[in-house]
Amino acid sequence: MRSFFEEFKKFILRGNVVDLAVGVVIGTAFGKIVDSLVRDIFMPIVGLLTGGFDVSAQSVTLYKDAKLAWGSFAQTVITFVIVGFCMFLVVKGMNALHKYVLKDDEGAPVVEPPPTEKLLTEIRDLLKQQVTQPPPA
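Under UniProt numbering, the residue at position 57 of the sequence shown is numbered 57, and the numbers go up by one with no gaps.
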């Protein structure tokens, strides 16, 4: 039983698991911010543009108390599109930052591979030549 907990401890303290947990927490908080942005900023503007029409409260009565809340679904789709756009901007910004900070090492000197890698590369190339050439008759 002790080894089970030791294995769990190694698993939970791995960098990937902690990074994933942080990502989930930040993603949840970001989702709440975007939800508020849509509900409190964008949807009132949509309502103003449509003459006071509140999309989120719209529904169609199917039968007695059964309602199809298409307005709530429409608001959720709008939220999804805005979250997707925000994430696109974040990724685009991070890619630009990586290019700026890391700078592709185009002018960096070429590092010579060790002799063993050179030998292995030559062997690989010779094997490729043997495969592509027909055997002597």
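The beta-carbon is built from N, C-alpha and C at its ideal position, and this holds for glycine as well. Remember, predicted model here, so these are calculated numbers, not experimental data.
- Three or more beta-carbon pairs drawn from the segment 27-43 and the segment 69-84 are found closer than 8 Å, and the two stretches are therefore classed as touching.
- Where T50 is concerned, there is no enclosing alpha helix (DSSP H), because DSSP gives it neither an H nor an E.
- For L13, there is no enclosing beta strand (DSSP E), as DSSP gives it neither H nor E.
- The DSSP-derived three-state label of V110 is coil.
- In the DSSP assignment, K128 falls outside any beta strand (DSSP E) and within the unbroken alpha helix (DSSP H) covering P115 to T132.
- Annotation: R14 to L49 spans about 51 Å, alpha carbon to alpha carbon.
- In this structure, DSSP gives K67 an extended state, which the three-state scheme calls strand.
- Rounded to the nearest angstrom, the gap between the Cα atoms of T132 and H98 is 41 Å.
- Around the beta carbon of Q129, fewer than 16 other beta carbons sit within 10 angstroms, so the residue counts as exposed.
- When DSSP reads this structure, T61 sits in a beta bridge with K67.
- By the Cβ rule, the segment 50-61 does not count as touching the segment 21-35, because fewer than three pairs are nearer than 8 Å.
- Burial of M43 is indicated by the presence of at least 16 other C-beta atoms within 10 angstroms of its C-beta.
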